[in-house]
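Reviewing the structure listed below.
Residue numbers (our numbering), protein chains in the order written: chain A, 1 to 237; chain B, 238 to 657.
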């Protein structure tokens, strides 16, 4: 019989780590090593079952969506004689299925989810634009907005993980990001409409946001004692 | 054919609604034999025995308003153990018995859901099953009153819902406890459960408890309190009251013979924010607490609280699927949130003398729960006490502290675990 030198408890055989403190217990006797294990090597079927359930859900949703697509096409052809509006609804439904697939295969990694959803959205916008005949707005409007949203949200998630405990800094960073997003949106829209960059509203929204963000940074790193005292005086309960 | 059915009891209704892949509500009673289990004989023994236990020969079904137990047409089959203990079993699934019988090498285990019975009922079933099994193996023994024979029929008293019977209407209810300290450990992935069992000599631990003028339960309780408080102090966890959930078997206090749930939880609590506690101090507190609380006046109050909530007219009219949504919430806020952990002493098991040579040990594992990720059950048999930690985390510091304290008292502890 073997004892853990640190815990002083007896274990059924030496040569292994102590079940309480992981201290390697020396194998003194060198025998008794074929002692029967009291437990089987356990099998966890839960992840497998969960995957099965998700697969089943996806299958059902796919069938329902296929039926919906069929109904749309038939209805369109029956009413209008040719495929007109159904093109758009069918494309949207297919890409909705794409979103659901991404969500159900949700690997617990938010970056994967964001990138996959962004790709899906990009392809959806490209398809919708293509269906109109030629590419009218995809490159000037669709792509920049999707990429901008993706970059902003990835940075925000990344910052959340770093600054979770420093809430003032995190809010400040998000204000900067919002200001940047304003600029991206306005740049894309003005370029699409007037063929040149013309920023105006994003300054109006962005300057206060950046100022506020800087103020938050300031308050995080340096909170004046006078002001602290002042707040204490006015707000003490 | 008309199938028999019965209502679940007060605790059972709650457990049926809160069960999920992590909180399976299954607890295990197991016996390790001296020889390898003969699965064919076990199969026959189980099929013989199940007729004696009509209240276990059921499956739990969902009614419009409440879950209920209905006679099961299938026959239970023992299966070889291959999962983690108390895991991967859906108690609500059609034709699934509220228990399962497992065997592995020398061990026979029965896992019961708390929805149908508590430790007393489960041990009664296991003992009777073992008796029948050994009878088939050719070992005749004299049955005592805690063993049912396959030929008998169950008395109605065993199916009685004692919670309802001893519920007194218009009894002032007990006040609730606030949020307790919880172990800040990361949970296992779903489907994983770990057991750490320490075995000690009963005489040794009992004599030490007696020297301190306390019972075994009180001693273990106090030691567990001390271990948790020491860990909090050492690691600097945020202090909150440490509350233990100590179930009391009410069959000793009320003239009940029921084989369904009949227990209430006592909640001794120690607040580490108030200062340091010595072991003697804690032991004195636990001792006094138990002496005061184990009294039918207070127990009545707790039964009344539980049953009164269940009889609440508004709650009753919610459909079962709505109850499924709100019960876990109620269970969290009014149950597990108020406890740090649980320690349940199942007492001493006695088997007929002839069988004592065949059975090496008994063990009881607590039901996994994500709200109280660490719980203890203890059971004594043949001069040895098995202290089982059931836990849902890799952290080992609580049981390490606990068992090291036992060793410091000069008690020899033997450790066994299912995860290496």
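The beta-carbon is built from N, C-alpha and C at its ideal position, and this holds for glycine as well.
query                                                                                                                                        : result
Proximal residues of chain A, C-beta to C-beta of residue 341 of chain B below 9 Å                                                           : 38, 39 and 40
Own chain residues within Cβ distance below 6 Å of residue 435 of chain B, not counting five before or after                                 : 624, 640, 650 and 652
C-alpha gap between residue 489 of chain B and residue 341 of chain B, whole angstroms                                                       : 34 Å
Chain B contacts from the stretch 3-22 of chain A (Cβ-Cβ distance under 9 Å)                                                                 : 4, 6, 7, 8, 9, 10, 11, 12, 16, 17, 18, 19, 20, 21 and 22
Residues from the stretch 46-67 of chain A in contact with chain B, defined by Cβ distance under 9 Å                                         : 46, 47, 49 and 50
Stretch pair the stretch 608-616 of chain B + the stretch 573-591 of chain B: three plus CB contacts closer than 8 Å                         : yes
Listed by chain order, chain B residues near residue 44 of chain A by CB distance under 9 Å                                                  : 320, 321, 324, 325, 426, 427, 428 and 429
Amino acids of chain A, ordered along the chain, whose beta-carbon sits closer than 9 Å to that of residue 641 of chain B                    : 6, 7, 8, 9, 20 and 21
Residue 315 of chain B and residue 280 of chain B closer than 8 Å at C-beta                                                                  : yes
Chain A contacts made by the stretch 593-623 of chain B, where a contact means CB separation under 7 Å                                       : none
Contact check, residue 396 of chain B vs residue 321 of chain B, beta carbons under 8 Å                                                      : no
Whole-Å CB distance - residue 125 of chain A paired with residue 142 of chain A, under 8 Å assumed                                           : 4 Å
Amino acids of chain A, ordered along the chain, whose beta-carbon sits closer than 7 Å to that of residue 637 of chain B                    : 7, 20 and 21
4-residue-minimum alpha helix (DSSP H) runs that sit fully inside the stretch 445-517 of chain B, ordered along the chain                    : 453-472
Cβ of residue 435 of chain B within 8 Å of any chain A Cβ                                                                                    : yes
Between the CA atoms of residue 427 of chain B and residue 630 of chain B - distance to the nearest angstrom                                 : 11 Å
Residue-chain proximity (residue 653 of chain B, chain A), Cβ-Cβ < 8 Å                                                                       : yes
Cβ pair residue 458 of chain B, residue 487 of chain B closer than 8 Å                                                                       : no
Chain-order list of residues whose beta-carbon lies under 7 Å from that of residue 553 of chain B (same chain, five-residue window excluded) : 302
DSSP state of residue 583 of chain B mapped onto helix, strand, coil                                                                         : strand
Where residue 558 of chain B falls, given that 16 or more other Cβ within 10 Å makes a residue buried                                        : exposed
Residue-chain proximity (residue 657 of chain B, chain A), Cβ-Cβ < 8 Å                                                                       : yes
Short CB-CB distance (under 8 Å) between residue 258 of chain B and chain A                                                                  : yes
Residue 622 of chain B versus residue 39 of chain A - alpha carbon distance                                                                  : 19 Å
Contact set between residue 475 of chain B and chain A, taken where Cβ atoms lie within less than 9 Å                                        : By Cβ distance, chain A contributes nothing, its closest Cβ being about 15 Å from residue 475 of chain B, past 9 Å.
Beta-carbon proximity check, residue 337 of chain B vs residue 348 of chain B, cutoff 8 Å                                                    : yes
Distance between beta carbons of residue 42 of chain A and residue 23 of chain A, contact taken as under 8 Å                                 : Actually they are not in contact, since the Cβ atoms of residue 23 of chain A and residue 42 of chain A sit about 24 Å apart, beyond 8 Å.
Residue range of the beta strand (DSSP E) that includes residue 435 of chain B                                                               : 431-438
Rounded C-alpha distance that separates residue 77 of chain A from residue 137 of chain A                                                    : 28 Å
Check whether residue 466 of chain B and residue 514 of chain B have beta carbons under 8 Å apart                                            : yes
Opening and closing residue of the beta strand (DSSP E) in which residue 8 of chain A lies                                                   : Premise fails: residue 8 of chain A is in no beta strand (DSSP E) and is neither H nor E.
Residue 11 of chain A to residue 577 of chain B span [Cα, whole Å]                                                                           : 28 Å
Residue-level contact to chain A via CB, residue 644 of chain B, 8 Å cutoff                                                                  : yes
8 Å Cβ cutoff, residue 649 of chain B in contact with chain A                                                                                : yes
Own chain residues within Cβ distance below 6 Å of residue 217 of chain A, not counting five before or after                                 : 172
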